[in-house]
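**Student:** Numbering-wise, the sequence shown is residues 44 to 278 according to the working numbering.
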Amino acid sequence: MILGHIGVRKGSKGVPRKNFKPICGRPLIDWSLDQLLAHPLIDAVVVSTDDQEIYDHAVAKGTLAIGLRPDHLATDSAGKWGVWQHALAASEALIGPVEAFVDLDATSPLRLPSDIGDALALYQAQRPDMVMSCCEARKNPYFNLVEPDATGALHVSKPLPGGVVARQAAPTVYEHAASTYVVRPDYLRSAKSLFEGRVIPYLMPAERCVDIDSPFDFKLVEFLLNEQLKEAANG
Numbered sequence: 044m045i046l047g048h049i050g051v052r053k054g055s056k057g058v059p060r061k062n063f064k065p066i067c068g069r070p071l072i073d074w075s076l077d078q079l080l081a082h083p084l085i086d087a088v089v090v091s092t093d094d095q096e097i098y099d100h101a102v103a104k105g106t107l108a109i110g111l112r113p114d115h116l117a118t119d120s121a122g123k124w125g126v127w128q129h130a131l132a133a134s135e136a137l138i139g140p141v142e143a144f145v146d147l148d149a150t151s152p153l154r155l156p157s158d159i160g161d162a163l164a165l166y167q168a169q170r171p172d173m174v175m176s177c178c179e180a181r182k183n184p185y186f187n188l189v190e191p192d193a194t195g196a197l198h199v200s201k202p203l204p205g206g207v208v209a210r211q212a213a214p215t216v217y218e219h220a221a222s223t224y225v226v227r228p229d230y231l232r233s234a235k236s237l238f239e240g241r242v243i244p245y246l247m248p249a250e251r252c253v254d255i256d257s258p259f260d261f262k263l264v265e266f267l268l269n270e271q272l273k274e275a276a277n278g
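So, in structure tokens, the structure goes:
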């Protein structure tokens with residue numbers, strides 16, 4: 044049994060009620076929710092939310108009826124991990140044991156359905172504790188990310204002996220792209236945070252990893268979604 048999950052809160056400071064805000068003709072959450080509901084590898088889907096309208100909308104589309112998330116998981120300071128643990132436990136009470144927990148971030152709707160399948164294939168091939176979507180970092184702490192010292196003078200964030208004079212010579216670093224995750228349920232139940240176990244990257248193009256956190260992000264993602272739709276229509 045593979046469980047698909049989306050977690051969305053009612054509140055949002057950057058874009059008010061962004062998770063249900065229409066984008067390209069559909070509520071933002073539906074770009075991810077419909078991918079899970081339609082995916083042949085996903086056996087059941089659950090939405091964890093404190094928003095009654097979003098909850099009713101999701102259940103009407105066929106998600107598990109686990110009720111609204113507890114108040115302590117609906118605050119600005121509530122972490123993703125606790126939300127996942129609650130959703131897994133509530134879902135398994137209805138459908139039985141789960142062999143993989145697949146989380147999609149509603150604010151990153153540019154992934155393709157193939158990203159879900161490819162992330163699951165990587166999980167099944169390597170059996171890590173978690174597969175996490177990543178993209179190549181646009182800036183590198185060994186080369187062109189800098190930070191001030193106590194005097195205010197700038198230095199490379201992670202200096203190496205002899206320095207790094209070209210980006211290509213710097214160690215590889217990835218951006219954690221909040222898009223697609225596959226988690227081993229036993230790890231989710233026992234660990235207290237994302238990086239306690241063996242977490243491996245699922246690499247995605249940067250243009251599919253844009254996360255909505257501001258009105259500008261919303262406009263950018265809307266533009267990119269429209270471009271995806273045009274490309275799909277043109278074959």
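Using N, Cα and C, we set each Cβ at its ideal position, and we do this for glycine too.
Could you work out which residue in Val141, Leu76, Leu84, Pro65 is closest to Gly50 when comparing CA atoms only?
**Tutor:** Per the Cα distances, Leu76.
**Student:** Considering Leu107, what are the terminal residues of the beta strand (DSSP E) in which it resides?
**Tutor:** Careful: Leu107 lies outside any beta strand (DSSP E) and carries neither H nor E.
**Student:** Is it true that the CB of His48 sits closer than 9 Å to the CB of Val90?
**Tutor:** Going by C-beta atoms, Val90 is nearer than 9 Å to His48.
**Student:** Excluding the five sequence neighbours on either side, which residues of its own chain have a C-beta within less than 6 Å of the C-beta of Ile159, listed in chain order?
**Tutor:** Result list for Ile159: His82, in chain order.
**Student:** Would you kindly report the start and end of the unbroken alpha helix (DSSP H) that includes Gly160?
**Tutor:** Taken as a continuous stretch (DSSP letters only), the alpha helix (DSSP H) holding Gly160 covers 156 to 169.
**Student:** Jot down the residue ranges of each uninterrupted alpha helix (DSSP H) in the segment 62 to 98, minimum 4 residues, whole runs only, in chain order.
**Tutor:** Complete alpha helix (DSSP H) runs here, min 4: 71 to 81.
**Student:** So Phe186 packs on Arg210, CB below 8 Å; how close in whole Å?
**Tutor:** The Cβ separation is near 5 Å, so the contact holds.
**Student:** Given a threshold of 16 other Cβ atoms within 10 Å of its Cβ, counted over all protein chains shown, does Pro152 qualify as buried or as exposed?
**Tutor:** Classification of Pro152: buried, given that the 10 Å Cβ count is 16 or more.
**Student:** Measure the CB-CB distance between Asp161 and Tyr245 and report whether it falls below 9 Å.
**Tutor:** In this structure, Tyr245 lies closer than 9 Å to Asp161 by Cβ.
**Student:** List the endpoints of the continuous beta strand (DSSP E) containing Gly47.
**Tutor:** Its beta strand (DSSP E) spans residues 45 to 51.
**Student:** If you reduce the DSSP assignment to three classes, tell me which class Glu142 lands in.
**Tutor:** Three-state result, Glu142: coil.
**Student:** So, helix, strand or coil for Ser257, using DSSP?
**Tutor:** Residue state, collapsed to three classes: coil.
**Student:** Identify, in the order they occur along the chain, each residue of the same chain with its Cβ nearer than 7 Å to the Cβ of Leu267, setting aside the five sequence neighbours on each side.
**Tutor:** Excluding positions up to five away in sequence, the list reads Leu153, Glu250, Val253.
**Student:** Going by other Cβ atoms of all chains shown within 10 Å of its Cβ, with 16 needed for buried, is Ile72 buried or exposed?
**Tutor:** Answer is buried; the Cβ neighbour count reaches 16.
**Student:** So, are the CB atoms of Leu79 and Val174 less than 9 Å apart?
**Tutor:** Cβ distance not < 9 Å, so Leu79 and Val174 don't count as in contact.
**Student:** Near Lys53, which residues of its chain fall below 6 Å by C-beta distance, leaving aside the five closest residues on each side in sequence?
**Tutor:** Once the five neighbours on either side are set aside, the close Cβ partners of Lys53 are Asp93, Asp94.
**Student:** On the DSSP bridge assignment, give the partners of Cys177 in chain order.
**Tutor:** Answer is His219, Leu246.
**Student:** Whole angstroms are fine: how far does the CA of Ile45 sit from the CA of Glu142?
**Tutor:** Rounded to the nearest angstrom, the two C-alpha atoms are 6 Å apart.
**Student:** What would DSSP say about Tyr230, mapped onto helix, strand or coil?
**Tutor:** If DSSP states are grouped into helix, strand and coil, Tyr230 belongs with the helices.
**Student:** Counting contacts by CB-CB distance shorter than 9 Å, is Pro70 in contact with chain D?
**Tutor:** In the structure shown, chain D cannot be found, because there is only a single protein chain.
**Student:** Does the distance from the CB of Tyr166 to the CB of Arg227 come in under 9 Å?
**Tutor:** Against a cut-off of 9 Å, the Cβ pair of Arg227 and Tyr166 comes out as a contact.
**Student:** Contact defined as beta carbons within less than 8 Å: I believe Val126 pairs with Thr106. What is the distance between those atoms, to the nearest angstrom?
**Tutor:** Their Cβ separation, rounded to whole angstroms, is 15 Å, which puts Val126 and Thr106 out of contact at 8 Å.
**Student:** Going by C-alpha distance, which of Ile255, Ala136, His219 is nearest Phe238?
**Tutor:** The option with the nearest alpha carbon to Phe238 is His219.
**Student:** Tell me, which residues are paired with Pro198 by DSSP?
**Tutor:** Strictly speaking, residue 198 in this sequence is His, with Pro absent from that position. Paired residue(s): Glu190.
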